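2 protein chains.
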Amino acid sequence: MSRKIHLALHPYGVGGPGQHGLWKDPSVAKNASIDINYYIRQAQAAEHALFDALFIVDSQFINATYPAHYLNRLEPLTLLSAVATHTRHVGLVGTASSTYNSPFNLARRFASLDHISGGRAGWNVVTSFDTGASRNFGLEEHLDYAARYGRALEFVQVARGLWDSYEDDAFPADVERNVFLDPDKLHALDHVGEHLRVAGPLNLSRSPQGQPVIFQAGVSEEGRDLAAQVAEGIYAPGGGLEQAQEYYSDIKRRTAAYGRDPEHIKIFIHGSPIVAGTDEAARRREREIFEEDDDFARNLALLGRSFGAYDFSVHDLDAPFPDVAHLAERGGRTGAARIIERAATDKLTLRQVAATLREFRRSPFVGTPRGVADAIEEWFHAGAFDGINLAFRTEAELGAFVDGVVPILQQRGLFRTAYEADTLRGNLGLPIPANRYSRERQLVND
Amino acid sequence: MSRKIHLALHPYGVGGPGQHGLWKDPSVAKNASIDINYYIRQAQAAEHALFDALFIVDSQFINATYPAHYLNRLEPLTLLSAVATHTRHVGLVGTASSTYNSPFNLARRFASLDHISGGRAGWNVVTSFDTGASRNFGLEEHLDYAARYGRALEFVQVARGLWDSYEDDAFPADVERNVFLDPDKLHALDHVGEHLRVAGPLNLSRSPQGQPVIFQAGVSEEGRDLAAQVAEGIYAPGGGLEQAQEYYSDIKRRTAAYGRDPEHIKIFIHGSPIVAGTDEAARRREREIFEEDDDFARNLALLGRSFGAYDFSVHDLDAPFPDVAHLAERGGRTGAARIIERAATDKLTLRQVAATLREFRRSPFVGTPRGVADAIEEWFHAGAFDGINLAFRTEAELGAFVDGVVPILQQRGLFRTAYEADTLRGNLGLPIPANRYSRERQLVND
Chain A
1 MSRKIHLALH
11 PYGVGGPGQH
21 GLWKDPSVAK
31 NASIDINYYI
41 RQAQAAEHAL
51 FDALFIVDSQ
61 FINATYPAHY
71 LNRLEPLTLL
81 SAVATHTRHV
91 GLVGTASSTY
101 NSPFNLARRF
111 ASLDHISGGR
121 AGWNVVTSFD
131 TGASRNFGLE
141 EHLDYAARYG
151 RALEFVQVAR
161 GLWDSYEDDA
171 FPADVERNVF
181 LDPDKLHALD
191 HVGEHLRVAG
201 PLNLSRSPQG
211 QPVIFQAGVS
221 EEGRDLAAQV
231 AEGIYAPGGG
241 LEQAQEYYSD
251 IKRRTAAYGR
261 DPEHIKIFIH
271 GSPIVAGTDE
281 AARRREREIF
291 EEDDDFARNL
301 ALLGRSFGAY
311 DFSVHDLDAP
321 FPDVAHLAER
331 GGRTGAARII
341 ERAATDKLTL
351 RQVAATLREF
361 RRSPFVGTPR
371 GVADAIEEWF
381 HAGAFDGINL
391 AFRTEAELGA
401 FVDGVVPILQ
411 QRGLFRTAYE
421 ADTLRGNLGL
431 PIPANRYSRE
441 RQLVND
Chain B
447 MSRKIHLALH
457 PYGVGGPGQH
467 GLWKDPSVAK
477 NASIDINYYI
487 RQAQAAEHAL
497 FDALFIVDSQ
507 FINATYPAHY
517 LNRLEPLTLL
527 SAVATHTRHV
537 GLVGTASSTY
547 NSPFNLARRF
557 ASLDHISGGR
567 AGWNVVTSFD
577 TGASRNFGLE
587 EHLDYAARYG
597 RALEFVQVAR
607 GLWDSYEDDA
617 FPADVERNVF
627 LDPDKLHALD
637 HVGEHLRVAG
647 PLNLSRSPQG
657 QPVIFQAGVS
667 EEGRDLAAQV
677 AEGIYAPGGG
687 LEQAQEYYSD
697 IKRRTAAYGR
707 DPEHIKIFIH
717 GSPIVAGTDE
727 AARRREREIF
737 EEDDDFARNL
747 ALLGRSFGAY
757 DFSVHDLDAP
767 FPDVAHLAER
777 GGRTGAARII
787 ERAATDKLTL
797 RQVAATLREF
807 RRSPFVGTPR
817 GVADAIEEWF
827 HAGAFDGINL
837 AFRTEAELGA
847 FVDGVVPILQ
857 QRGLFRTAYE
867 ADTLRGNLGL
877 PIPANRYSRE
887 RQLVND
């Protein structure tokens, strides 16, 4: 069987980063981001199109300048649980912070979603780069990079330990023998580490896929290393074909270096296709969107987000980009460092930097259905991705992609024509991890 | 309109405390506690019967001696979100610990459930008495009573502050004026207290009921005082009519003493009705259940749970009840103190104490549909409760109550014949709390 492209859908409700004008689109409901029926419809559309997953991002800090969708949106795990019972195959991937959660509670919620969905849960592990978030969790200072990534790795290891608390045959529920639970198959983790102490056991058994799938989105050195160690899916940073290829080969190389099969980590790039009947119509639509979304104050605020919600409007817009390197350190985001480097290299003003950010968001997939399919195929064969995390502005634009581009990808053997499995692991081609205690038992018996 | 009885349903899956034999009942699915369809059916049955709420309890610590339902069950908020989209009127009350959660995350999850359900969320605030739970959250020692209850009060106050982050008209979404959010109507809480520091704002607006309903289950002095200050619903401890009356009048008195309307706190007793065609048949069924559930080792383990999962089996069963007062202090549970007092007063052996606990669980509502309705009416008019939190062993026993007892209560004008509202607050007769910032604005304008 030839390698196939994986597709995920990333709903942005009333408008994500840079989509400043989206809420004004008459086809977008003003309450989309808090309407569970919007998400159910998106998930069902994704499932109808045989996509691998619905992907829900998240954040824990806002101020009034944040993107419309961020201001007022449902929490990912409650959202996905509600979606779960209205779908049967599509994966349900939710973002949750390893910095601002406790492993016992979070492992339990994902395990619960995994049961509710019959083995379709995925956890996108983030360490939270909004410096303001720390103040919502009793901390005066944002944790630094090393502490956040150290904790993230340990957190995932603990979650996986908790998910194995029960061996798969722990509940014989044998009436004759009067044995509901076989107590030898319930295991406490008793984890004591640098960042976390968690005894266990978890009060929830494993789902049909064994454990929820771990996603991650590391860009920095620390982030890439974390991904290579524990991630099974990655959301890659934006950029052009070369950047995507560099990232892809780097992650696969690092994964192999940790002794893992590089096929067991699926790399998703972000894509916002614009599909129309002609190339001209697609380009026109792209320009329209660019104008609809133009809001200089909000672009400046978005730029500030990479520097700990810094207010750039205090600076002269037409002077050279200000010296904010100390804020990038505090915010700890690789994106910020990139912006500073670009500004220095190209000698950009603050106004130009804000404009550059917009260019960075340009989609490589704009054109007719065939043209978009061609570009996707080219990138795929060039080793730029395993999958695409697709964002659309409207339900109609999602429909245009599904009806126009997906059939072409299917005809070319690049995308499935039926789900391979009922679980997210099954559809992503990821193995079901054996329970660690059963494996030990097996090794002892061998 | 005469005062009506409120009813909630409390599903116990494969068997809660003392229901040691339930999982063996052929009509109980062996995976009931982790099957979302079981909970959806329970919720739909409760809604069909016009009950006020589905009530989901929770805990964070287990060992192999714990009740079958506790060993392996879905997390309440993911569970209730999944149930929400399959119901329209029934309230959705979930238990969550104020000791082992952060207010920002928990307030957000309940607000999310409140949106998903259209204003039907309730939070049962517990401080977690299982001493072992602390070891799942990085703590060596269980927090003492004062710290747990001090934190609980502050936690609820912070949650309510976060729930008011957006005034109800914060999102004009006015395309003409290009105003999605009115930034003057987004408020940071900036809470700094003894136990918690939370800046806010929450990234979620208010639901149709303003804020989720606060439930509580305090038995101790601290618990009763917490309830009187912030609870809008209470789950009362078990016991006979006199105990229920004492608790009811005490809570209502304390609530009034805090300057609150005692009508705005609804007191639910626990009830496990056994309904049959004749009194004899009901009593026979009661004895059958008593025998089915008899499991001395598990009763002893259940007794140990009140003393921090203490292993009583190391003691002579027929010697006087051992001196475990220091464990009650550590566990910090009023129930433990009561057991010690009863054992001393009646000079009971350990074996007798375990048996006494079982007697304590006897339902006052056993008999024909008319007999059970009579007893419920008697208790209600005697000032023992505002509502009953009903637990049934099987779906058939739930059906017998709904088909037999509910119509009699309706004929007598004691129970609704249609939902009064679409929100939990509306059906419980609780006011919608005005947003604190809108109220301030109103006061300034007056």
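The listed protein sequences derive, respectively, from chains A and B. Take the first sequence: its position 359, counting from 1, is numbered 359 in my numbering, and each next residue is one higher. So my numbering is basically just the index in the second sequence, starting at one, shifted up by 446. Backbone N, C-alpha and C fix where the C-beta goes; we use that ideal spot for every residue, glycine too. Remember, it's a predicted structure, so these values are computed and weren't measured experimentally.
query, result
"Compute the Euclidean distance between the alpha carbons of His710(B) and Ala800(B), then round it to the nearest angstrom.", "37 Å"
"Return no unless some Cβ of chain B is closer than 7 Å to the Cβ of Ser205(A).", "yes"
"Could you name the residues of chain B that Gly200(A) contacts, counting a contact when the two beta carbons are closer than 7 Å?", "Asn582"
"Run through the stretch 220-264 of chain A for me and flag every whole alpha helix (DSSP H) of 4 or more residues, listed as ranges in chain order.", "221-230, 241-257"
"Just to make sure I have the definition right: I need the residues of chain B whose C-beta is within less than 8 Å of the C-beta of Tyr145(A). Which are they?", "None at all; the shortest Cβ gap to chain B is about 22 Å."
"Identify the continuous beta strand (DSSP E) that holds Trp469(B) and give its terminal residues.", "First-last for Trp469(B): undefined, no H or E at that position."
"Using only CA atoms, which one of Asn435(A), His89(A), Leu79(A), Trp23(A) lies nearest to Ala447(A)?", "Lying outside 1 to 446, the shown extent of chain A, residue 447(A) is not represented and no answer is given."
"For Pro208(A), decide whether its Cβ has a neighbour in chain B, counting only Cβ atoms nearer than 7 Å.", "no"
"Thinking C-alpha only, which one of Glu600(B), Leu608(B), Gly568(B), Tyr546(B) is nearest Ser580(B)?", "Tyr546(B)"
"Compute the Euclidean distance between the alpha carbons of Phe767(B) and Tyr756(B), then round it to the nearest angstrom.", "14 Å"
"Using the C-alpha atoms, what's the distance from Tyr166(A) back to His187(A)?", "6 Å"
"Around the Cβ of Pro472(B), are there at least 16 other Cβ atoms within 10 angstroms (buried) or fewer (exposed)?", "exposed"
"Which bits of chain B does Trp379(A) rub up against, with CB to CB less than 9 Å?", "Ordered by position in chain B, no residue passes the 9 Å Cβ test against Trp379(A), which lies about 34 Å from the chain."
"Determine whether the Cβ of Ile34(A) lies closer than 7 Å to any Cβ atom of chain B.", "yes"
"Determine whether the Cβ of Phe626(B) lies closer than 7 Å to any Cβ atom of chain A.", "yes"
"Are at least three pairs of beta-carbons, each pair with one atom in the stretch 614-628 of chain B and one in the stretch 862-878 of chain B, less than 8 Å apart?", "no"
"With a threshold of 7 Å between beta carbons, is Ala82(A) in contact with chain B?", "yes"
"Would you call Val721(B) buried or exposed, if buried means 16 or more other Cβ atoms sit within 10 Å of its Cβ?", "buried"
"Report the residue from Ala499(B), Ile508(B), Ser653(B), His827(B) whose alpha carbon sits nearest the alpha carbon of Val446(B).", "Outside the shown range of chain B (447 to 892) lies residue 446(B), about which nothing can therefore be said."
"To be precise: take each residue of the stretch 554-574 of chain B, compare its Cβ to all Cβ atoms of chain A, and keep it if any distance is under 7 Å. Which residues remain?", "Arg554, Arg555, Ser558, Leu559, His561, Ile562"
"Among residues of its own chain, excluding the 5 on either side of Gln857(B), which ones have a beta-carbon nearer than 8 Å to its beta-carbon?", "none"
"Would you say Phe155(A) reaches chain B, if we count a Cβ-Cβ gap shorter than 7 Å as a contact?", "no"
"Quick check on Gly859(B): does DSSP put it in helix, strand or coil?", "coil"
"In the DSSP output, which residue or residues are listed as bridge partners for Asp620(B)?", "Val625(B)"
"Look at the alpha carbon of Ser548(B) and the alpha carbon of Glu600(B), and state the distance between them as a whole number of angstroms.", "12 Å"
"In the structure shown, what three-state DSSP assignment does Val848(B) receive?", "helix"
"Ignoring anything shorter than 3 residues, give me the beta strand (DSSP E) runs that lie fully in the stretch 529-616 of chain B, in order along the chain.", "537-543, 567-572"
"Whose Cβ in chain B lies nearer than 7 Å to the Cβ of Ile62(A)?", "Pro647, Asn649"
"Let's test the definition: count the other Cβ atoms within 10 Å of the Cβ of Asn445(A) and tell me whether it reaches 16, buried, or not, exposed.", "exposed"
"Just by C-beta distance, which residues in the stretch 540-551 of chain B are closer than 8 Å to chain A?", "Tyr546, Asn547, Ser548, Phe550, Asn551"
"For a cutoff of 7 Å on Cβ pairs, would you count Leu189(A) as touching chain B?", "no"
"So with CB distances below 7 Å, who are the chain B contacts of Asn435(A)?", "None at all; the shortest Cβ gap to chain B is about 15 Å."
"Give the list of continuous alpha helix (DSSP H) stretches no shorter than 4 residues that lie fully inside the stretch 272-328 of chain A.", "279-292, 296-305"
"Can you tell which of Pro369(A), Arg441(A), Leu409(A) has its C-alpha closest to the C-alpha of Gly277(A)?", "Pro369(A)"
"Classify Phe392(A) as buried or exposed, calling it buried when 16 or more other Cβ atoms lie within 10 Å of its own Cβ.", "buried"
"Could you tell me which chain A residues have their CB closer than 9 Å to the CB of Thr531(B), listed as they occur along the chain?", "Ile36, Asn37, Ile40, Ala82, Val83, Thr85, His86"
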